[in-house]
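In my numbering, the protein residues as written are 30 to 739.
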Amino acid sequence: MDSRYIDTISSELNTARRNVAAVLTLLGEGATVPFISRYRKEATGSMDEVAIQKIRDRAKQLKDLDERRQTILNSIEDQGKLTPELRQRITASTTLTALEDLYLPYRPKRRTRATIAREKGLEPLANILQRQDRTAPEEAARRFIDPEKEVSDVEVALAGARDIIAERVNEDERARTKMRRIFEREGTIKTKMVRGKEREGAKYRDYFAWEEKLSRAPSHRLLAMRRAEKEKIITLKIQPEEDRALDQLDRLFLRGHGPATDQVAQAVKDGYKRLLAPSMETEMRLNSKKQADEEAIRVFAENLRQLLLAAPLGQKNVLALDPGFRTGCKVVVLDRQGKLLRNDVIYPHPPQSRTAHAAAKVRQLVKEFKIEAVAVGNGTAGRETESFLRDIGLGKEVVVVMVNESGASVYSASGVAREEFPTHDVTVRGAVSIGRRLMDPLAELVKIDPKSIGVGQYQHDVDQTALKKSLDDVVESCVNGVGVEVNTASKQLLTYVSGLGPSLAANIVAYRDQNGPFRTRKELLKVARLGEKAFQQAAGFLRIRDAGNPLDASAVHPESYHIVDRMAQDLGCTIRDLMENAELRKQIRPQNYVTDTVGLPTLKDILKELAKPGRDPRDQFEVFQFQEGVEEMSDLEIGMVLPGIVTNITRFGAFVDIGVHQDGLVHVSEMANRYVRDPNEVVKVAQKVQVRVVEVDLDRKRIALSMKNV
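Pasting the structure below:
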């Protein structure tokens, strides 16, 4: 890795140079972010995943910048216009914007008005005008009249010269820097409704005549306005005060009050309105979109992390229902490993209303399969099905839980679901997904495209490459943070384990199917194409419950087993004794085991893991129940205090499911009896909360909620 990158990143992130160098070296060798964060703390100074990702991403930006710099240098050199001074300025540029400003005059372009004027031989006239000396413009222009070049008179000559000056204004690095600053600081977004779009664009009516400083517009509002513009509901402009911008340009290009000054002033104004302002507006659109995307992606990624790390019910016998009215409720039985044992359909609701038969069927399945929990999808007929189940006497030992089914239909129609259940229809697959996501949200949700899980906002409007990269980082972080039981994990879950990927994940499952459960971590080396490098990256995150070596079920990496062996030998006990006996662990002095490659951070992690080997870091599962009798928006009354579950978090508040088929919004101003800058300070996705109904708009299907004083 270029040492300049290391110096730049170290300075920008205020991080020790040796640690930045270590991270870039490890990444270059193929190490993953979770592996570096968890098992190379000595090299990185105990950096977390976020810090490592920042180094990785900044290094790529610098590399991309260098590649663009070289392309620009080559292009200008090919034109024979690369002077030593220009080369030095291009080499010294530290941003893509600065590079592109320097390149603009040399960028190959289509024929412009200025190009045509130059072809007519009018560039010398433009030079004369720009000097703004005592030369009279009309007098100078007469020398350039040439009917053969379609320069028929003085005015045509002057107009062509002004076109050349206007283009120079647009391409002037100083002018672009000043205008960029004005647009950034003083640019105003102005929207206007397209005539006749009142009804079609009703949901965007807040933006029919909106005006706001670009610098103050929050990301969600920018994305909403851009979507409305894309759907041709509104027009949108970003401009500062024209007089203010022109005043700045005049100071750059006008000199005194000579005879030619008026011509140059006309050219400056034309250059601003026709070229520079549109160029700056495009740049502001791109920059503001990039910033809005980054914020939206950040919020989405945080929501996804919280959802993936929601508390699992654990290994229980589960009855899962995908509710419905006319088509009935699809019912599936899952064993403690999530295997499908039985599927059926019941019709407890109108129009069939075979309630007694449905109740008998459910009770029979609960008894036959020793059901410990019932999962009910929260979509159509969800609350009605929940009420039905609570009224048929399943017993207190059987918990009934509403499950957010966002994305279940996407999974059920996917290739993953077809591969898993080739002989079952989408409704059975959907019910299985609902049941499994109660048992282990992380293991099930990794099978679904994160964009379809329902915790984002404007996810289809943001940069899709950046979104995928960010969400993949989150899924990888969550999967490796929790750890994966190699003998029960799906191919999709294994795919996200550090160092594996789709091909090795498939090979692990194939080996498991052919040879039975893995008995040791070392046995993973027998999997096709899983070599030492992949083993090093993956082993610490894979668990083997009931293995002969108890460390195989922990997060202790096999490369550190010899350290634990020494600890046990020094105390005259077994490794299992160390895990089970806190008094023995207290006798260990970590500093006694420090080596050139193993330091105190790793040793402390090992001791922590010995105390709670393989412990799931997620919260304990708590049963939740919506308010009985409140199942539709029409059941709501102002002032009601209700239990709810946070389903999504945005910059302006949190959406909460209160069991009426329409999430309510707790605006950020209603989250606490204090100023809240970021809703994530107060709530998390899947958190259980108490809310008060503030407003109900049945026509627009909007519910306003408050968490103050409840």
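Quick reminder that beta carbons are idealized off the backbone N, C-alpha and C, glycines included.
Per-residue burial, residue i [other beta carbons within 10 Å of its own, 16 or more giving buried]
| i | result |
| --- | --- |
| residue 52 | buried |
| residue 684 | buried |
| residue 106 | exposed |
| residue 436 | buried |
| residue 276 | exposed |
| residue 220 | buried |
| residue 566 | buried |
| residue 501 | exposed |
| residue 371 | exposed |
| residue 586 | buried |
| residue 438 | buried |
| residue 692 | buried |
| residue 727 | exposed |
| residue 623 | exposed |
| residue 240 | exposed |
| residue 201 | buried |
| residue 176 | exposed |
| residue 117 | exposed |
| residue 545 | exposed |
CB-CB length for residue i against residue j, believed under 8 Å
| i | j | result |
| --- | --- | --- |
| residue 287 | residue 161 | 4 Å |
| residue 265 | residue 211 | Going by Cβ atoms, the distance from residue 265 to residue 211 rounds to 19 Å, so no, they are not a contact pair. |
| residue 361 | residue 457 | 6 Å |
| residue 329 | residue 484 | 7 Å |
| residue 423 | residue 445 | In fact, because the Cβ distance is near 32 Å, the residues do not count as touching under 8 Å. |
| residue 429 | residue 413 | That belief does not hold up - the Cβ atoms of residue 429 and residue 413 are roughly 13 Å apart, past 8 Å. |
| residue 527 | residue 64 | 5 Å |
| residue 8 | residue 564 | A question about residue 8 goes unanswered here, because the residues of the chain that appear run from 30 up to 739. |
| residue 607 | residue 639 | 5 Å |
| residue 262 | residue 285 | About 49 Å; that fails the 8 Å criterion. |
| residue 297 | residue 279 | 6 Å |
| residue 154 | residue 188 | About 10 Å; that fails the 8 Å criterion. |
| residue 537 | residue 556 | 5 Å |
Member of the options whose CA lies at the smallest distance from the CA of residue i
| i | options | result |
| --- | --- | --- |
| residue 404 | 341, 382 and 444 | 341 |
| residue 247 | 323, 434 and 555 | 323 |
| residue 499 | 281, 82, 59 and 76 | 82 |
| residue 780 | 117, 321, 135 and 74 | The structure shown does not extend to residue 780, since the chain is modelled only from 30 through 739, so no value can be given for it. |
| residue 281 | 583, 301 and 263 | 301 |
| residue 337 | 468, 380, 325 and 279 | 468 |
| residue 69 | 588, 110, 640 and 638 | 588 |
| residue 702 | 738, 719, 708 and 644 | 738 |
| residue 539 | 525, 688, 515 and 527 | 515 |
| residue 698 | 118, 399 and 707 | 707 |
| residue 89 | 479, 710, 594 and 33 | 33 |
| residue 504 | 493, 517 and 470 | 470 |
| residue 676 | 712, 356, 262 and 144 | 712 |
| residue 13 | 510, 60, 135 and 253 | As displayed, the chain neither begins before 30 nor continues past 739, which places residue 13 out of reach and without an answer. |
| residue 71 | 632, 157 and 357 | 632 |
| residue 443 | 426, 432, 462 and 433 | 462 |
| residue 722 | 239, 673, 294 and 386 | 673 |
| residue 426 | 245, 163, 402 and 666 | 402 |
| residue 627 | 496, 146 and 592 | 592 |
| residue 198 | 494, 306, 448 and 434 | 306 |
| residue 59 | 127, 85 and 76 | 85 |
Cross-strand partners of residue i (DSSP beta bridge)
| i | result |
| --- | --- |
| residue 677 | 684 |
| residue 549 | Residue 549 is not bridged to any residue. |
| residue 672 | 719 |
| residue 474 | DSSP output for residue 474 lists no bridge partner at all. |
| residue 485 | DSSP output for residue 485 lists no bridge partner at all. |
| residue 724 | 733 |
| residue 267 | 218 |
| residue 693 | 685 |
| residue 241 | 218 |
| residue 175 | 180 |
| residue 572 | 514 |
Residue i beta carbon near the ligand SAH (any heavy atom closer than 7 Å)
| i | result |
| --- | --- |
| residue 498 | This structure lacks the ligand SAH; in fact it carries no ligand of any kind. |
### Whole beta strand (DSSP E) elements within the segment 387-467, 3-residue minimum
402-406 and 428-432
#### Entry: Complete beta strand (DSSP E) runs within the segment 344-379 (minimum length 3 residues, chain order)
347-351, 358-363 and 369-375
### Task
Any chance you could list the beta strand (DSSP E) runs of at least 3 consecutive residues sitting entirely within the segment 48-111, in chain order?
none
#### Entry: Segments assigned alpha helix (DSSP H), at least 4 residues, entirely inside the segment 101-160
113-121, 125-132, 142-148 and 152-160
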